[in-house]
Amino acid sequence: MKKVMLKTSLGVAIALASGQLLASGFALNEQSISGMGTGFAGRSSSADDASTVFGNPAGMSRLKREQITVGGAAIIAKSKISGPGSSINGETDGDMVPVVGVPMGYYVKPIDDHWSVGFGVYVPFGLVTDYGSDDAARFWGKKSHVEVVTFQPTVSYAFNDKVSIGFGPTFNRIEGELGSNLYNPFPGGTQGEVKIKGDDTAVGYNVGLMVQATDRTRLGLTYHSMVDYKLEGKTKVSYQPLGLDANKFDATLKIKTPESVDFSVTHELDDQWTLYAGSTWTRWSRLENITVKNELPAGTNPIVGGAFGSIVEEQNWHDTWAHAIGASYKVNKQWTLRTGFSVDQSPTNNHDRSPRIPTGDRRIFSLGAGWSPTEDMTIDVAYSYLWEEDTKVNNSTEGLAANLKGTYQAKYENSAHGVGASLTYRF
């Protein structure tokens, strides 16, 4: 059995969802710093360095030298929270997202005029939110920390100097912790704690096509597959009013990360200017709900059994589109400047949005630069600023859970800064 511990409340939210990161849902965009500089426009049609392993594996055929790209990005988010807050107690002070680091690393080796091989290690999905111990949101989602790390061996084949394809299986490791508090209305009673801690490994794949349509225009299409995870472990309950103290039950939790399709165009206006455009569709509608199923022993108290047999939180996410445009200017042989702008839909809806997923539609402005002091080495840096439309969270429930969680109403104003740097070395 995969080792997992699930600590859940009576009808509490168990959801994988986004902190204030630079992509919709709980997806991350930061798999390439050179791509970050253009707002990820042209991600599947550029192939500027070894990060094309993720952007479009077919692009490896355009890299004529063996090379390695390593780097990382940091996300610094800020949230202003206002409104009534919790019907029980607590404050709404915001800034529940700590600084987040996103590492990446890639390697590509051309074999001959047709074949290239490579591999990548990157983080395609992740979230982190951490409300304070006195925050009004703690009964609906005190802590969320989920990370997916992917290892992708990849191969590409160029049919000729116009058309190439690429494919790579992905081996994905998910680890996470989600938590909430339980309210104890009795004098002197301690609050309960709610956590889910788990991990799993599952397999998916990425496939890409790249076409040099004209001497100056290149098209790219990349498909990132759905990945299906199953966590097995224990539900642990500790709540004084029901006489529960670290009770454990066998449990299962299933979650799917969605497939996506990225199409982009790269067009070289002249020897200095290059324009980029792209669109990404993501099938977030796979996330209809999050369900924890528990195997309760015979003779379980009916109140406990009714609450813990199956714990469900509705999500009802919808499919999303993201669109981006960008440009780069080659100042000279050493320097390239970049900029980009993107819009990104949120998959959440006004009815089911929770403190774990307080996000709306996004706008992102990006700047970047590449410096090549020699033909063998390039250093890329990038900066992005994200701002979201104001969103509202209005959570309530019925029955016993209403006494444990109360209601939560708040308005979120979210923004984030992203900074990144990478090094590419060619052998």
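According to mature numbering (1 follows the signal peptide of the UniProt record, and there is no 0), the sequence shown holds residues -23 to -1, 1 to 404 in order. Heads up, the beta-carbon is just placed ideally off N, CA and C, and yes, glycines get one too.
Status (buried if at least 16 other CB within 10 Å, exposed otherwise) for residue i
i	result
Thr351	exposed
Asn158	buried
Lys119	buried
Tyr385	buried
Lys382	buried
Arg315	buried
Ala275	exposed
Gln8	buried
Arg39	buried
Arg333	buried
Asp25	buried
DSSP three-state assignment for residue i, whether helix, strand or coil
i	result
Gly67	coil
Ala299	strand
Glu390	strand
Ile10	helix
Ala275	coil
Lys382	helix
Trp261	helix
Met37	helix
Val188	strand
Asp367	coil
Pro87	strand
Gln311	coil
Ala359	strand
Leu208	strand
Ser121	strand
Thr251	strand
Glu43	coil
Arg333	coil
Ala51	strand
Asp227	strand
Met354	strand
Gln168	coil
Ala18	coil
Pro80	strand
Cut-off 7 Å between Cβ atoms - residues of its own chain near residue i, not counting five sequence neighbours on either side
i	result
Lys139	Val188, Gln189
residue 412	In this structure the chain extends from -23 to 404, so residue 412 is not present and cannot be described.
Lys172	Lys(-17), Glu154, Leu155, Gly156
Gly67	Asp111, Asp112, Ala113, Arg115
6 Å Cβ shell around residue i - same chain, five flanking residues per side excluded
i	result
Glu366	Gly337, Asp338
Thr243	Gly19, Ser22, Ser23, Arg195, Tyr253
Gly97	Val30, Phe31, Tyr83, Gln129
Val355	Residue identity check: residue 355 is Thr in the sequence provided, not Val. If we look at Thr355 and ignore the five residues flanking it on each side, its Cβ neighbours are Gly347, Ser349, Thr401.
Glu43	Lys86, Phe404
Gly60	Gln386, Ala387, Lys388
Gly135	Per the sequence shown, residue 135 should be read as Ala rather than Gly. Cβ neighbours of Ala135 beyond the five flanking positions: Ser38, His91, Ser141.
Residue i versus residue j: straight-line alpha-carbon distance, rounded
i	j	result
Val181	Val204	Strictly speaking, residue 181 in this sequence is Gly, with Val absent from that position. Rounded to whole angstroms, Gly181 to Val204 spans 5 Å at the Cα level.
Asn266	Ser256	27 Å
Leu246	Ser202	33 Å
Gly95	Ile45	9 Å
Glu272	Lys207	16 Å
Phe388	Gly345	Note on residue identity: the sequence assigns Lys, not Phe, to residue 388. Those two C-alpha atoms are separated by around 33 Å.
Leu(-3)	Gly156	Low per-residue confidence applies at Leu(-3): pLDDT is 46, beneath 50, and the placement is therefore not dependable enough to give any value.
Gln322	Gln249	32 Å
Pro87	Ala35	12 Å
Gly103	Arg115	20 Å
Val269	Ile232	10 Å
Arg330	Thr191	46 Å
Ala301	Gly145	25 Å
Leu230	Glu209	6 Å
Asn161	Asp107	21 Å
Thr69	Ala27	43 Å
Asn309	Asn326	47 Å
Gly317	Ala54	20 Å
Trp117	Ala179	29 Å
Lys105	His394	Before going further, note that residue 105 is Val rather than Lys in the sequence given. Near 15 Å, if we compare the C-alpha coordinates of His394 and Val105.
Val238	Leu186	11 Å
Leu363	Val320	10 Å
Ala299	Gly12	15 Å
The beta strand (DSSP E) enclosing residue i, as first and last residue numbers
i	result
Trp92	92 to 107
Asp239	237 to 245
Trp348	339 to 351
Pro146	140 to 159
Thr325	Per DSSP, Thr325 belongs to no beta strand (DSSP E) and is neither H nor E.
Leu198	194 to 201
Host alpha helix (DSSP H) of residue i (start-end)
i	result
Trp117	115 to 118
Val30	29 to 32
Contacting residues, own chain, Cβ-Cβ under 8 Å from residue i (five flanking each side not counted)
i	result
Asp296	Trp258, Thr259, Arg260, Trp261, Ser262, Pro324
Heavy atom of the ligand MN within 6 Å of residue i beta-carbon
i	result
Tyr360	Although the ligand MN was asked about, the structure shown includes no ligands whatsoever.
Min CB distance residue i to chain B below 7 Å
i	result
Asp72	You won't find chain B in this structure, because it holds only one protein chain.
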